[in-house]
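Heads up: the protein sequence lines correspond to chains Y and Z, in order.
Following our numbering, the numbering of the first sequence begins with 4 at its first residue and continues without gaps.
Following our numbering, the numbering of the second sequence begins with 4 at its first residue and continues without gaps.
Protein chains: 2
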Amino acid sequence: MKAEKSDSIHIVDLENFNSFKKSIKFILDDIVSKLYDDNKQLIRVKKSPQSIENLKRIIHTAIAISNKKGYAVMSIRELSAVSSLSIGALYAYFPSKDELLHIIQQYGRSSVEKVLSETLVHASSSKDKLYNFIRAHIFISEVLKDWFYFSYMETRYFTGSEYNKTIEGELLTESLIKDIIENGIKNNEFRSDIQASLIASISKAMLQDWYLKRWKYTKRGVTPDEYALECFKMLYNYIKL
Amino acid sequence: MKAEKSDSIHIVDLENFNSFKKSIKFILDDIVSKLYDDNKQLIRVKKSPQSIENLKRIIHTAIAISNKKGYAVMSIRELSAVSSLSIGALYAYFPSKDELLHIIQQYGRSSVEKVLSETLVHASSSKDKLYNFIRAHIFISEVLKDWFYFSYMETRYFTGSEYNKTIEGELLTESLIKDIIENGIKNNEFRSDIQASLIASISKAMLQDWYLKRWKYTKRGVTPDEYALECFKMLYNYIKL
DNA sequence: AACAAAATAACGAACGTTCGTTATATTTTT
DNA sequence: AAAAATATAACGAACGTTCGTTATTTTGTT
Numbered sequence: 004m005k006a007e008k009s010d011s012i013h014i015v016d017l018e019n020f021n022s023f024k025k026s027i028k029f030i031l032d033d034i035v036s037k038l039y040d041d042n043k044q045l046i047r048v049k050k051s052p053q054s055i056e057n058l059k060r061i062i063h064t065a066i067a068i069s070n071k072k073g074y075a076v077m078s079i080r081e082l083s084a085v086s087s088l089s090i091g092a093l094y095a096y097f098p099s100k101d102e103l104l105h106i107i108q109q110y111g112r113s114s115v116e117k118v119l120s121e122t123l124v125h126a127s128s129s130k131d132k133l134y135n136f137i138r139a140h141i142f143i144s145e146v147l148k149d150w151f152y153f154s155y156m157e158t159r160y161f162t163g164s165e166y167n168k169t170i171e172g173e174l175l176t177e178s179l180i181k182d183i184i185e186n187g188i189k190n191n192e193f194r195s196d197i198q199a200s201l202i203a204s205i206s207k208a209m210l211q212d213w214y215l216k217r218w219k220y221t222k223r224g225v226t227p228d229e230y231a232l233e234c235f236k237m238l239y240n241y242i243k244l
Numbered sequence: 004m005k006a007e008k009s010d011s012i013h014i015v016d017l018e019n020f021n022s023f024k025k026s027i028k029f030i031l032d033d034i035v036s037k038l039y040d041d042n043k044q045l046i047r048v049k050k051s052p053q054s055i056e057n058l059k060r061i062i063h064t065a066i067a068i069s070n071k072k073g074y075a076v077m078s079i080r081e082l083s084a085v086s087s088l089s090i091g092a093l094y095a096y097f098p099s100k101d102e103l104l105h106i107i108q109q110y111g112r113s114s115v116e117k118v119l120s121e122t123l124v125h126a127s128s129s130k131d132k133l134y135n136f137i138r139a140h141i142f143i144s145e146v147l148k149d150w151f152y153f154s155y156m157e158t159r160y161f162t163g164s165e166y167n168k169t170i171e172g173e174l175l176t177e178s179l180i181k182d183i184i185e186n187g188i189k190n191n192e193f194r195s196d197i198q199a200s201l202i203a204s205i206s207k208a209m210l211q212d213w214y215l216k217r218w219k220y221t222k223r224g225v226t227p228d229e230y231a232l233e234c235f236k237m238l239y240n241y242i243k244l
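Dropping the structure here:
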C-alpha cells in the first residue's frame, strides 16, 4: 500500500478578501496536482511541472472560451489555437470532450468543498456562522468566478452523474444556510416566525448574483467584502430578534 | 395611409396571480399577431389563423428544446421533428436560425414591456409601487418562465444589437426598482442611509431566482403570490423607516 | 356549382462546411 | 536510438441552408 500525501496544512483565512486570496493559492495548486492522480488512467502525458502547467492552461482556456459561447459550441480547434497546444497534444490530456468537462468540474468542485468545509468550524454564534459562511462563499466564488459561472451556465448540458453532482452542490450550499438559520431559531438567536428554507433560497440567490453578474459589480467598484457585508446586513436585519 | 388597429384595451390585473394570468392571455395573442406585421419582409407565409398557430408552435418548441440543450445545439432537424413541420416549412417562417432568435426575443421583450409599463401608474405610495412592481415581475416571469429562462441563458450567444437590447432590459428593470427606492427616500418613506443601487441589484437577483430555479419552488409548492410577498417583506423590512 | 388555373404551403434529398476524433508523422527529450 | 510529447492530416457524422418538387388552398371563369 502506497503512502498517501498528507493533507495540506494551509488554513482558509477569512479576515478579509486579500488575505483569503493569498491563503487559497496553494490549495488550488494542490487540487490540480490531485486531478492528475485521480485521472491518471485517462491522461496520457506523465505528471511533470510542464504538464501541470499545460493542464491548468487547458482548463482555464476551456472555461474562458465556454463562458463566451458555451461549452458545446467551443470547438477543439479553437481550444487548440487559444491554448497554443495542438489538437493531438490536447487529446493526450483528456480522452474526449466529455471527459474534459468532468475534469473541469472536478477541479472546481474540489476547491469549493475544501473552502466551505473549513469555514463553519471556528464560529460560535449563529450570527457569526452566517456571516462567515456568506464571506467564504463570496470569496471563493470571486477567486473562481469563471468556474462558478461556467458551472452554473453549463449544468443543463451535463448528463447523468455530472448533472446530479452539480445539483447536489447547489442544494448543499442552500441547506447549510438553512441549518445555520434553523439552529439560530432554536437557540433563540433569530426570530421564530420566519421560513428558514425560503430565506435560505433567497440568500443563495444573493450569493449567486455575485458571480453571475460579475461585470455589474466590477463596473460599480463593489468589493467582495462590501457585497458580503451588505448581503449579511439585509438578511440579519430580517431574521434578528 | 392605412388606419392602424387601436391598442388593446385589456388592462393588466394585479389582484392575484390567477386574475393576472387571465388578463394576460389576450395580450400575448396580440403580440404574436404583431410579430407577423413587424417581420413581414422576413416571413414567407401569409398571416392566417393556421400560420399564427404554426409560428406560436415554432417559438415555443424552439424555446423548449433550447432550454434543455442550448439554442446553438438545437438543430433545425430536431425543431422540425418536434414541431411537426418540415425543414422547408420552417424556413418559410424564418429566413435563418439567427433570425428565429430575433423573433423569439421580440416576442418576449414586447410582452414584458407591455406588462411592466402598466404597473407603476396606479400606485400612490413608494411602498405600494415597490410591491406592485415586484408582483408584476414575478407574475409575468411566471407566465413566460420558459422565455425568461431562455433569454437569460442565451444572452451570451447573442451578437450586436440583440445582446445590447437584452442587457438594456436587464438594467432597465433594475433602474426602475432603484427609482422607486430613491423616490421613497426623497419622500421620507424609506431610510436615508441605504444604498439604493445595491438594494436594487439584490432585488433583481431575488426576482430572477424565481424563473432561474423554477423547479425548486415548484417542488416546494411556493406560489407566485407567496414568493412576491416574501421578497417584498424582506426588502421593505430593510428599507423602512 | 363545377371546373381550371394560379398561388401558397409543405416537403425532404442534397450541398458545402465544420465538428469530434483518430491515425500517422514529426519533433523533442532522455 | 528509444521513448515521450507534440503536430498534422484525414475520416465519418451532423450541421444550417437551398431548392426542385409535390400537396393543398384560393381565385377566376363559366
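For glycine and all other residues, C-beta sits at the position ideal for the given N, C-alpha and C.
Quick caveat: nothing in here was measured; it's all calculated off a predicted structure.
Checklist entry - Ends of the alpha helix (DSSP H) at Y239/Z? => result By 1-based counting over the second sequence, the position of residue 239/Z is 236. That run of the alpha helix (DSSP H) goes 227–242.
Next on the checklist: Taking the alpha carbon of M237/Y as the reference point, which residue from T221/Y, L210/Y, V15/Y, L215/Y has its own alpha carbon closest?
Outcome noted: The residue you call residue 237/Y lines up with position 234 of the first sequence. With respect to the C-alpha of M237/Y, the residue from T221/Y, L210/Y, V15/Y, L215/Y having the closest C-alpha is L210/Y.
Checklist entry - Cα-Cα, which of A65/Z, H105/Z, N191/Z, K189/Z is closest to S86/Z? => result One-based indexing of the second sequence puts residue 86/Z at position 83. Taking only the C-alpha atoms, the option nearest S86/Z is A65/Z.
Checklist entry - Using a Cβ cut-off of 9 Å, which residues of the region 222–236 of chain Z contact any Cβ in chain Y, in chain order? => result Only R223, V225, E229, Y230, E233, C234, K236 from the region 222–236 of chain Z bring a Cβ to less than 9 Å from some Cβ of chain Y.
Next on the checklist: 8 Å is my cut-off, CB to CB: does L133/Z come that close to chain Y?
Outcome noted: Along the second sequence, read from residue 1 onward, the residue named residue 133/Z stands at position 130. So no, L133/Z is outside the interface.
Checklist entry - To which residues of the same chain is F161/Y closer than 7 Å at the C-beta, ignoring the five residues directly before and after it? => result Locating residue 161/Y in the first sequence gives position 158, where the first residue counts as 1. Cβ neighbours of F161/Y within its own chain (closer than 7 Å, five residues either side excluded): T169.
Item to check | Cross-strand partners of F193/Z (DSSP beta bridge) | outcome: Taking the second sequence and counting its residues from 1, one reaches residue 193/Z at position 190. Answer is K243/Z.
Checklist entry - Ends of the alpha helix (DSSP H) at V85/Y? => result Here residue 85/Y corresponds to residue number 82 of the first sequence, with the count starting at 1. Segment 79–86, the alpha helix (DSSP H) holding V85/Y.
Next on the checklist: List, in chain order, every chain Y residue whose beta-carbon is nearer than 9 Å to that of R159/Z.
Outcome noted: Your numbering for residue 159/Z matches position 156 in the second sequence. The answer, in chain order, is N70, K71, K72, G73, M156.
Item to check | Length of the line joining the Cα atoms of D196/Y and R223/Y | outcome: Mapped onto the first sequence, residue 196/Y falls at position 193. Mapped onto the first sequence, residue 223/Y falls at position 220. Rounded to the nearest angstrom, the gap between the Cα atoms of D196/Y and R223/Y is 36 Å.
Item to check | T169/Y - DSSP class collapsed to helix/strand/coil | outcome: On the first sequence, position 166 is the one that residue 169/Y refers to. Three-state DSSP puts T169/Y in a helix.
Next on the checklist: Only counting the same chain, and skipping five residues up and downstream in sequence, which positions put a Cβ closer than 8 Å to that of K25/Z?
Outcome noted: Residue mapping note: residue 25/Z aligns to position 22 of the second sequence, counting from 1. Cβ within range, chain order: D16.
Checklist entry - Counting along the chain, where does the alpha helix (DSSP H) carrying D131/Y start and finish? => result What you label residue 131/Y is simply residue 128 of the first sequence in a count that begins at 1. Per DSSP, D131/Y belongs to the alpha helix (DSSP H) from 129–146.
Item to check | A208/Y - DSSP class collapsed to helix/strand/coil | outcome: If you number the first sequence from 1, residue 208/Y lands on position 205. If DSSP states are grouped into helix, strand and coil, A208/Y belongs with the helices.
Item to check | Members of the region 194–209 of chain Y near chain Z, C-beta cut-off 8 Å | outcome: Those would be Q198, S200, L201, I202, S204, I205, K207, A208, M209, in chain order.
Next on the checklist: Any beta carbon from chain Z within less than 8 Å of M4/Y's own beta carbon?
Outcome noted: Your numbering for residue 4/Y matches position 1 in the first sequence. Reliability of the predicted coordinates at M4/Y is poor, the pLDDT of 37 falling under 50, and no value is obtained from them.
Next on the checklist: Does any residue of chain Y have a CB that is nearer than 8 Å to the CB of Y214/Z?
Outcome noted: To locate residue 214/Z, count along the second sequence from 1; it is residue 211. It does not; no Cβ of chain Y falls within 8 Å.
Checklist entry - Counting pairs of Cβ atoms below 8 Å between the region 21–37 of chain Z and the region 121–136 of chain Y, do you hit three or more? => result Too few Cβ pairs lie closer than 8 Å, so no.
Next on the checklist: Does the contact criterion of 3 or more C-beta pairs under 8 Å hold for the region 102–122 of chain Y versus the region 147–162 of chain Y?
Outcome noted: Short answer: they touch.
Checklist entry - Using the rule of at least 16 other Cβ atoms within 10 Å of the residue's Cβ for burial, across every protein chain shown, is I137/Z buried or exposed? => result The residue labelled residue 137/Z in the question sits at position 134 within the second sequence. Buried.
Checklist entry - Candidates H63/Y, K148/Y, I46/Y: which alpha carbon is nearest E102/Y's? => result Mapped onto the first sequence, residue 102/Y falls at position 99. The shortest Cα separation from E102/Y among H63/Y, K148/Y, I46/Y belongs to I46/Y.
Item to check | Nearest to E1/Z (by Cα), restricted to the options R80/Z, L119/Z, Y94/Z, S99/Z | outcome: Within the shown structure, residues of chain Z are numbered from 4 to 244, placing residue 1/Z beyond reach of any answer.
Item to check | Burial state of T176/Z (16 or more Cβ within 10 Å) | outcome: In the second sequence, counting from the first residue as 1, residue 176/Z sits at position 173. Buried, because 16 or more other Cβ atoms sit within 10 Å of the Cβ of T176/Z.
Checklist entry - Roughly how many angstroms lie between the CA atoms of K72/Y and S83/Y, to the nearest whole one? => result For the purposes of this step, residue 72/Y is taken as residue 69 along the first sequence, with counting starting at 1. For the purposes of this step, residue 83/Y is taken as residue 80 along the first sequence, with counting starting at 1. Each residue's alpha carbon lies about 16 Å from the other.
Checklist entry - DSSP state of A203/Y, grouped into three classes? => result For the purposes of this step, residue 203/Y is identified with residue 200 of the first sequence, where counting begins at 1. Helix.
Checklist entry - For S144/Y versus W218/Y, is the C-beta spacing smaller than 8 Å? => result The residue you call residue 144/Y lines up with position 141 of the first sequence. The residue you call residue 218/Y lines up with position 215 of the first sequence. Not a contact, by the Cβ cut-off of 8 Å.
Checklist entry - What residue does the alpha helix (DSSP H) around V118/Z start on, and which one ends it? => result Numbered from its first residue, the second sequence carries residue 118/Z at position 115. That run of the alpha helix (DSSP H) goes 100–122.
Checklist entry - Among residues of its own chain, excluding the 5 on either side of Y74/Y, which ones have a beta-carbon nearer than 7 Å to its beta-carbon? => result Walking along the first sequence from the start, residue 74/Y turns up at place 71. Within the same chain, Y74/Y has close Cβ partners L104, E157, Y160.
Checklist entry - Given S22/Y, which residues of its chain have a CB within under 7 Å of its CB, disregarding the five upstream and five downstream residues? => result Counted from its first residue, the first sequence places residue 22/Y at position 19. Short of 7 Å from the beta carbon of S22/Y, and not among the five residues preceding or following it, lie these beta carbons of its own chain, in chain order: D16.
Checklist entry - Under a CB-based cut-off of 8 Å, is N167/Y close to chain Z? => result Along the first sequence, read from residue 1 onward, the residue named residue 167/Y stands at position 164. For N167/Y, not one C-beta of chain Z is nearer than 8 Å to its own C-beta.
Next on the checklist: Using the Cβ count rule (16 or more neighbours within 10 Å means buried), how would you classify S204/Y?
Outcome noted: If you number the first sequence from 1, residue 204/Y lands on position 201. Buried.
Item to check | For I61/Z and L88/Z, believed in contact at Cβ under 8 Å, the rounded distance | outcome: As a first step, residue 88/Z is located in the second sequence; it is residue number 85 there, counting from the start. As a first step, residue 61/Z is located in the second sequence; it is residue number 58 there, counting from the start. The Cβ separation is near 7 Å, so the contact holds.
Next on the checklist: Which residue wins for smallest C-alpha separation from H140/Z, given the options S128/Z, F193/Z, L232/Z?
Outcome noted: As a working note, residue 140/Z is residue 137 in the second sequence. Looking at the Cα atoms, L232/Z is the closest of the given residues.
Checklist entry - Roughly how many angstroms lie between the CA atoms of V146/Y and D149/Z, to the nearest whole one? => result Locating residue 146/Y in the first sequence gives position 143, where the first residue counts as 1. Locating residue 149/Z in the second sequence gives position 146, where the first residue counts as 1. So the two alpha carbons sit approximately 32 Å from each other.
Next on the checklist: Please classify P52/Y as buried or exposed, where buried requires at least 16 neighbouring CB atoms within 10 angstroms.
Outcome noted: Walking along the first sequence from the start, residue 52/Y turns up at place 49. Within a 10 Å sphere around the beta-carbon of P52/Y sit fewer than 16 other beta-carbons, which makes this residue exposed.
Next on the checklist: Just to confirm, is the Cβ distance from K28/Y to Y39/Y under 8 Å?
Outcome noted: Within the first sequence, the letter at position 25 stands for residue 28/Y. Within the first sequence, the letter at position 36 stands for residue 39/Y. Their beta carbons are not under 8 Å apart, which means K28/Y does not touch Y39/Y by this criterion.
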